[in-house]
Amino acid sequence: MQSLLSHYKHDASARAQLGLPLLLLLSSILAYLGTSSSRHSLLINAVAWLSICTYATSRTGAKSLLDAWPSQKLSWAAGALFALAAVEERAVEGRGIWWAKVTLPTYGRLGS
Amino acid sequence: MTLYAVAQTGIFSDEVTRGTADSPTGSDKPQTAQTHGSITPLLILTACAPLAIHISSGSTAVLAIGLSYALLTAIALRLLERAKHEAENPTLNGSVIYSANGFLAQPDEPAKSAQHPVLAIVRDVSAAAALSTAIATLNLESFSFGGLTYDSVGYHGMFGQALWDAMNGFGMVLLHITMLASLLFMVSSNPGMVVVDTLHASSVTAISVMRLLILSGGCCAMAPHSTRCCRSIADTDRYRHRHRALLPQASCRCSRRFARS
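Those protein sequences? They're chains A and B, same order as listed.
Residue -10 is where the first sequence starts when you use my numbering, and the numbers rise one by one after that.
Residue 175 is where the second sequence starts when you use my numbering, and the numbers rise one by one after that.
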C-alpha cells in the first residue's frame, strides 16, 4: 500500500511534467515574438542568464573554479555552447532559424 | 509528408521506466530511460527542414549556420544531461583519490550544492552562458537603442518611448528567464531527451506560424495605428527590399507613412 506522501510526490511530479513543457512553449513563443523585431537579442540573453545565475548562486552559494568537479566542467561547457548557439542565432536574425530547431529531435535521438 | 512523419514517428510515445524507492521490489537500480519509435520518419522530418530552407532561400551560409546551431544546442543539452547524472552519482565520476593508507578520500562538496544538485548545475550553466553572451554582446551589438532616438519628436514623446522600451526590454528579459529556466529544469528532471527536443521543435513551429501571420499583416488589421504594427511593416519592407522575397502586402495605414519616409 502506497503512503500518502508517495501519492503527493507522484501528483507533484506529474503536474511538473505537464506544467514545465507548457511554460516552455508559451514563454518561447512570447520571447521569440518579442525579440524578433529588436536587434538586442544577445543583450537580452546575457541579462536573462545573469539573472538565473544570480538566483541560483544565492540559493546554493558560490564555488571556486579551481577545484571543479566533472559535473561543473560539463555545466560550463554546456553554458558556453548555449552562448555560442545564441550568437549563431543572432547572426541569421531576420532570416529565421526555426527550421534548424526542427532538426533537434534527430540530434537528440542519434546521441542517445 | 510532415504530418505523416509526425504521425508515424512515435516520439510522443516515450516510455520512461524508473526504479523508485517505493517500487514493489525496492531495488536500487539506476534509472533507465527507454524510447520507442522508428527513426526513419524522424529522419524524413529532419531532412525536409534543411531542404525546404535551401530551396526557398538558396543560401548555403544560412544552411550551414542553422545546422551548426542545431548541433551546438543538441550537444549542450546532452552535456547538461550528463552533468546532472554526474552530480547525482559523484562516485562514478572517477574523482576518487586513494590516500597513502589505502582509504578512499574524496574532495568535499559544499553542503549547499550537495543539497541542491540541480540548482548547482543551473548556476554553473548560467554563469558560463552569461559570461560568454556578455562578451559576445560587447563585441557584436551596439548600445544605441534605435527606438529611443528614431521616434524622438519631443520630450514627452521621447520619455514615453523610452518608458515603453524599458518596459518592453524588462518584459523580454523576464520571458527569457522563464524560458531558459524551464528548459534547464525540464532537462534536469526528465531523463528522456526526445521529449524536450520535441517540445522545442513544436514551439518553434508554432512561432514560425505566428511570425508568418504577423508578417502577412494579420495583427495590423486589428490595430492599424499601433507602434508594433508600424514596426512590423517597416521590418517587412526592409526584409523585402533586402532579400527580394515575395511577402504578402500588409494592409496598414502606417505603411504609407513609412513609404513616404
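Virtual Cβ for every residue (Gly too), placed ideally from N, Cα, C.
query: For residue 8 (chain A), the three-state DSSP class (helix, strand or coil); result: helix
query: First through last residue of the alpha helix (DSSP H) which encompasses residue 58 (chain A); result: No alpha helix (DSSP H) holds residue 58 (chain A); DSSP gives it neither H nor E.
query: Chain-ordered neighbours of residue 73 (chain A) on chain B, where CB pairs are closer than 8 Å; result: 246, 306
query: Beta carbon proximity, residue 179 (chain A) to chain B, threshold 7 Å; result: The requested residue 179 (chain A) does not occur in the structure, where chain A is confined to residues -10 to 101.
query: Which of helix, strand or coil DSSP assigns to residue 51 (chain A); result: coil
query: Collapsed DSSP secondary structure at residue 34 (chain A) in the structure displayed; result: helix
query: Minimum Cβ-Cβ distance from residue 39 (chain A) to chain B less than 7 Å; result: yes
query: Element boundaries [alpha helix (DSSP H), containing residue 290 (chain B)]; result: Counting along the chain, residue 290 (chain B) falls outside any alpha helix (DSSP H), and DSSP gives it neither H nor E.
query: Own chain, CB closer than 6 Å to residue 60 (chain A), minus 5 neighbours either side, in chain order; result: none
query: Where residue 47 (chain A) falls, given that 16 or more other Cβ within 10 Å makes a residue buried; result: exposed
query: Whole-Å CB distance - residue 91 (chain A) paired with residue 223 (chain B), under 8 Å assumed; result: 4 Å
query: Collapsed DSSP secondary structure at residue 40 (chain A) in the structure displayed; result: helix
query: The stretch 31 to 40 of chain A contacting the stretch 304 to 313 of chain B, beta-carbon criterion three pairs below 8 Å; result: yes
query: Beta-carbon gap between residue 350 (chain B) and residue 69 (chain A) smaller than 7 Å; result: no
query: For residue 49 (chain A) and residue 293 (chain B), believed in contact at Cβ under 8 Å, the rounded distance; result: 5 Å
query: Under 7 Å from the C-beta of residue 227 (chain B): neighbouring residues of chain A; result: 88
query: Endpoints, alpha helix (DSSP H) assigned at residue 262 (chain B); result: 234 to 262
query: As assigned by DSSP and simplified to three states, the class of residue 93 (chain A); result: helix
query: Test: residue 46 (chain A) CB closer than 7 Å to a CB of chain B; result: yes
query: Interface positions of the stretch 213 to 224 of chain B facing chain A (Cβ-Cβ less than 9 Å), listed along the chain; result: 213, 216, 217, 219, 220, 221, 222, 223, 224
query: Residue 86 (chain A) in three-state terms, based on DSSP; result: coil
query: Min CB distance residue 292 (chain B) to chain A below 7 Å; result: no
query: Secondary structure of residue 78 (chain A), DSSP reduced to three states; result: helix
query: Assigned secondary structure, residue 213 (chain B) (DSSP; H/G/I helix, E/B strand, else coil); result: coil
query: Where residue 95 (chain A) falls, given that 16 or more other Cβ within 10 Å makes a residue buried; result: buried
query: Below-7 Å beta-carbon distance, residue 11 (chain A) vs any chain B residue; result: no
query: Listed by chain order, chain A residues near residue 352 (chain B) by CB distance under 7 Å; result: 12, 16
query: Cα-Cα separation, residue 218 (chain B) to residue 75 (chain A); result: 26 Å
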